[in-house]
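Just below is one structure, and these are the notes that go with it.
Number of protein chains: 2
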Amino acid sequence: MTGWAADPAFKGGSVAAADWPLCHVRLQDDARFPWLILLPRVAGAVEIEDLSTLDRGRLIAETVRAGQCVRAMGQATERPIDKLNVAALGNVTAQLHVHVVGRRRDDGLWPDPIWGRGVAPRLTTDQARVWCGLVAGFR
Amino acid sequence: MTGWAADPAFKGGSVAAADWPLCHVRLQDDARFPWLILLPRVAGAVEIEDLSTLDRGRLIAETVRAGQCVRAMGQATERPIDKLNVAALGNVTAQLHVHVVGRRRDDGLWPDPIWGRGVAPRLTTDQARVWCGLVAGFR
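Chains as they are written, first to last, in our numbering: chain L, 1 to 139; chain W, 140 to 278.
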């Protein structure tokens, strides 16, 4: 994993929340959704195919784990989620990353995808603290 | 895999293209993008977490394979793709499925996600034949 660093573009809209075996985990600064971003710490990776077979298995395992974490984040704020949205897009920031977003039927954008829609209200200090703590301690 | 059948909602906008070890593979009827949909043949699955660990590994392997296939589809029509977009959303049709879409910087929607945007021009008979043949024969 030598030479890997998160693209600076992620620092504007998200905060570091944890480091799992493969991925650096960031919490998106968007009060509308519990939303994690997984960044595999593999230098130069842009597509899933750029990972080794072993790391592909780790990525999907950590994607499932992030989904469980996002559910817990929804529960913690009394807004249990209805559906997980998982996506590796990278059209704007190419560095390989996977979005794991908790959606609700009353989230205002349902059933549309969320990327590039609306203006994200920032997390309150309390919400960021609760969610970051939850991600950091998630087992 | 007893009891699995594709949700009838997929039949309106896509055609059956292949059956891989885990997934039924459909070609989206949209001339703008080479676009495959992977449907794991696991009855009742809605989220990736609903798959066994073994099937999660097969899903990511087949997602990578679909990406390579989408690249080949782009090459076959002399529109090589710039970026793969991979997503498991399911807000409209809940049955677990993974979109694998080939994007180009000149595709008209770049860098936005494609779901729910614009009106899809249907594949011509020739394009559908070439792409379906390519998926069916992809090794």
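Note that beta-carbon positions come from the ideal geometry of N, C-alpha and C, so glycine has one too.
Under 8 Å by Cβ, that's how I've got residue i and residue j pegged, so tell me the actual separation to the nearest angstrom.
i: W131 of chain L; j: P34 of chain L; result: 7 Å
i: L166 of chain W; j: P179 of chain W; result: About 17 Å separates the two Cβ atoms, so there is no contact after all.
i: V209 of chain W; j: G183 of chain W; result: Actually they are not in contact, since the Cβ atoms of V209 of chain W and G183 of chain W sit about 28 Å apart, beyond 8 Å.
i: V274 of chain W; j: A157 of chain W; result: 5 Å
i: L262 of chain W; j: D168 of chain W; result: 5 Å
i: L38 of chain L; j: V92 of chain L; result: Rounded, the Cβ-Cβ distance is 17 Å, inconsistent with contact.
DSSP three-state call for residue i: helix, strand or coil?
i: Q75 of chain L; result: helix
i: L22 of chain L; result: coil
i: I60 of chain L; result: helix
i: I37 of chain L; result: strand
i: L84 of chain L; result: strand
i: L89 of chain L; result: coil
i: L27 of chain L; result: strand
i: A184 of chain W; result: coil
i: V258 of chain W; result: coil
i: G241 of chain W; result: strand
i: A322 of chain W; result: Within the shown structure, residues of chain W are numbered from 140 to 278, placing residue 322 of chain W beyond reach of any answer.
i: A148 of chain W; result: helix
i: A156 of chain W; result: strand
Closer than 7 Å by beta-carbon distance: list the chain W residues that pair up with residue i, in chain order.
i: L84 of chain L; result: E186
i: W35 of chain L; result: Per Cβ cutoff of 7 Å: no residues; W35 of chain L is ~14 Å from chain W at best.
Taking residue i as the query, report the chain L residues whose CB atoms sit under 8 Å from its CB, ordered along the chain.
i: P260 of chain W; result: Per Cβ cutoff of 8 Å: no residues; P260 of chain W is ~21 Å from chain L at best.
i: W254 of chain W; result: D112 and P113
Assign residue i to one of two classes, buried (16 or more other C-beta atoms within 10 Å of its C-beta) or exposed (fewer than that).
i: R268 of chain W; result: exposed
i: V98 of chain L; result: buried
i: D265 of chain W; result: exposed
i: A25 of chain L; result: Reading off the sequence, residue 25 of chain L comes out as Val, not Ala. That one is buried.
i: R139 of chain L; result: exposed
i: S14 of chain L; result: buried
In chain L, which residues lie less than 9 Å from residue i when you measure between Cβ atoms?
i: L235 of chain W; result: The premise fails here: L235 of chain W is roughly 11 Å from chain L at the closest Cβ pair, so nothing lies under 9 Å.
i: T216 of chain W; result: The contacting residues do not exist; T216 of chain W stays about 20 Å from chain L at best.
Using the beta-carbon of each residue, which ones in chain W are nearer than 8 Å to residue i?
i: V92 of chain L; result: P250
**Request:** Spell out a yes or no on whether the stretch 243-262 of chain W and the stretch 101-118 of chain L are touching, meaning 3 or more CB-CB pairs, one atom from each, closer than 8 Å.
**Result:** yes
**Item:** Stretch pair the stretch 200-218 of chain W + the stretch 46-65 of chain L: three plus CB contacts closer than 8 Å
**Value:** yes
**Message:** Using 8 Å as the cut-off, can you tell me whether the stretch 214-231 of chain W makes contact with the stretch 79-93 of chain L, which would need three or more C-beta pairs spanning the two stretches below that distance?
**Reply:** yes
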